[in-house]
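Protein chains in written order, with this note's numbering: chain A, 1 to 202; chain B, 1 to 202.
We treat Cβ as the ideally placed atom computed from N, Cα and C, and that holds for glycine.
Keep in mind that this is a model prediction, so the values were computed, not measured.
One structure is given here, and the rest of the page talks about it.
Protein chains: 2
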Amino acid sequence: MAYRKTPAEIRRLTTAKERLVARATEVVAEVGWSQASVTAVADAAGIAAGSVYQHFPSKAALAVEVFRRAAGREVEVLGEVLHGPGGPVERLSRGVEVFARRALENRGLAYALLAAPAEPAVGAERLAFRRRYRALFAEVVREGVESGALPAQNGEITAAALTGAIGEVLVDPLGGPEDGAAEALLADLTAMALRCAGAPTA
Amino acid sequence: MAYRKTPAEIRRLTTAKERLVARATEVVAEVGWSQASVTAVADAAGIAAGSVYQHFPSKAALAVEVFRRAAGREVEVLGEVLHGPGGPVERLSRGVEVFARRALENRGLAYALLAAPAEPAVGAERLAFRRRYRALFAEVVREGVESGALPAQNGEITAAALTGAIGEVLVDPLGGPEDGAAEALLADLTAMALRCAGAPTA
DNA sequence: GGAAGCTGTGAATGATGCTTCACTTCTTCC
DNA sequence: GGAAGAAGTGAAGCATCATTCACAGCTTCC
Chain A
1 MAYRKTPAEI RRLTTAKERL VARATEVVAE VGWSQASVTA VADAAGIAAG SVYQHFPSKA
61 ALAVEVFRRA AGREVEVLGE VLHGPGGPVE RLSRGVEVFA RRALENRGLA YALLAAPAEP
121 AVGAERLAFR RRYRALFAEV VREGVESGAL PAQNGEITAA ALTGAIGEVL VDPLGGPEDG
181 AAEALLADLT AMALRCAGAP TA
Chain B
1 MAYRKTPAEI RRLTTAKERL VARATEVVAE VGWSQASVTA VADAAGIAAG SVYQHFPSKA
61 ALAVEVFRRA AGREVEVLGE VLHGPGGPVE RLSRGVEVFA RRALENRGLA YALLAAPAEP
121 AVGAERLAFR RRYRALFAEV VREGVESGAL PAQNGEITAA ALTGAIGEVL VDPLGGPEDG
181 AAEALLADLT AMALRCAGAP TA
């Protein structure tokens, strides 16, 4: 009998899978979901198309994994900022700025996560993550309202609006070339977000 | 020689094309772009699949026409409200409300126009129309700033944010079932939009 | 060393759905 | 009525890709 995987072998497989996800993420960031065929992704990872199916049961599963990893990092970062130190308004402002800054620093990926046409499975994942963004924003808004820093409002609506507004504001810059106006954009964007939540203007 | 089209024949062809676009719009509103195959659309219009190509050079061209007609109506309506009588803030408020109300009254179509997965040609059209929405909002915001009704701000950003915010807020209600909370939603949405533009709360 | 079994390969398979085309049906006009 | 030609048909053609599979190459462990 020769069928027990050695730790080294397990590590090799895991590494191969990690590498596949990483390369697939790069491909998606560069050419978008619709152009990221199984063949293209496999080529980028240096394996045969068929080998993808050693790691994932379908292309959709791989795509979902790519999305989750990348979007998960963003949720995590945003959560840390929004749950971090400072008053609700300050945290909201910093959260919006950090989120937008990270997107602008990694345009291709940000565009893929936010807006690029994608297969249904990825679309569903996108929806799910948008809900998570909303939930994070809603929490801070609610806190702000309770503390009196923000006026009474429907926090869910404001949170959804913030999510949509940030995405929409970023779509054009993310699609176009780097234009050097990033800092001005960030300032305008955070100002808008604060107005949106009803924070008194500084 | 028998190849001159009579007026009646021309009318018949035009009517057939109109009918095709109308039925295709219904199909898209019901099942979304991805399920609206040429066969399904042709069936709905009561013609053969091949006949679609008498009117449009490709499926994409038909889809684009469907999108343009439907989205064009919304741009027109929004434009009328935003250019109508009243102060900038009042018009902005009414514009948001009218836009959202129309979407909620025609959910399937609104979802298809705003968010449903679609082929690249439709995606491009969607982007183009979003720019038109933004331009309309930007105009009113600029007017409001000039008249002093709104605080100084980057009108383009606010306009993009309004477009994104409205879309995002509507996506969930449009996807789910009618829940009867439409009026409350509209009130919260317009309140958010006014805050977003910096209008003093009523 | 060598049997057993897992991983990797990439061409073949299969599904989907747009588009074409040979043919039929309808309209025009003498 | 009938010739000429357009519109309409729908099944076949075709392109695109995800997925499979028979086979080759490796790793494990006695």
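- Counting only Cβ-Cβ distances below 9 angstroms, L114(A) has no contacts in chain B at all, with the closest Cβ about 10 angstroms away.
- Residue contact check for I10(A) against chain B: no CB pair falls below 8 angstroms.
- Counting C-beta pairs closer than 8 angstroms gives fewer than three between the stretch 120 to 135 of chain A and the stretch 118 to 130 of chain B, which falls short of the contact rule.
- A Cβ of chain B is located within less than 8 angstroms of the beta carbon of Q153(A).
- One Cα belongs to A70(B), the other to G50(A), and the distance between them is close to 43 angstroms.
- I157(A) sits buried, since 16 or more C-beta atoms from the chains shown fall within 10 Å of its C-beta.
- Look at the stretch 142 to 169 of chain A: the residues with a C-beta under 8 angstroms from a C-beta of chain B are P151, Q153, N154, I157, T158, A160, A161, L162, T163, G164, A165, I166, G167, E168, V169.
- Under the Cβ criterion of 8 angstroms, D188(B) is counted among the residues facing chain A.
- Against chain A, a Cβ distance below 8 angstroms from P120(B) picks out S34, P117.
- As for any alpha helix (DSSP H) of minimum length 4 sitting wholly inside the stretch 121 to 188 of chain A, the runs are 155 to 175, ordered along the chain.
- Annotated three-state conformation of F67(A) is helix, per DSSP.
- Counting along the chain, the unbroken alpha helix (DSSP H) around G108(A) starts and ends at 107 to 114.
- Taking C-beta atoms as the reference points, A191(A) and Q153(B) count as a pair closer than 8 angstroms.
- Annotated as distal: G155(B) and V171(B), with beta-carbon spacing of 8 angstroms or more.
- Pairing E178(A) with Y111(A), the inter-Cα distance amounts to about 13 angstroms.
- Of G87(B), L150(B), R107(B), F56(B), the smallest CA-CA separation from G175(B) is found for R107(B).
- Here F99(A) carries a helix assignment [DSSP, helix/strand/coil].
- Under the three-state reduction of DSSP, P7(B) is assigned to helix.
- At least 8 angstroms separates the beta-carbon of V21(B) from that of E76(B).
- The C-beta of I10(A) has fewer than 16 other C-beta atoms within 10 Å across all chains shown, which makes the residue exposed.
- The C-alpha of A116(B) is placed about 39 angstroms away from the C-alpha of P7(B).
- With respect to chain B, the C-beta atom of T25(A) has no partner C-beta closer than 8 angstroms.
- Around the C-beta of S147(A), fewer than 16 other C-beta atoms lie within 10 Å, and the residue is accordingly described as exposed.
- Counting only Cβ-Cβ distances below 8 angstroms, T201(A) has contacts in chain B at P151, G198, in chain order.
- G87(A) sits in coil when the DSSP states are folded into three classes, being neither helix nor strand.
- Only residues of its own chain outside the window of five on either side were considered, and among them A63, A112, A116, P117, A118, E119, V122 have a CB closer than 8 angstroms to the CB of W33(B), listed in chain order.
- Straight across, the Cα-Cα distance linking F137(B) with F67(B) is about 21 angstroms.
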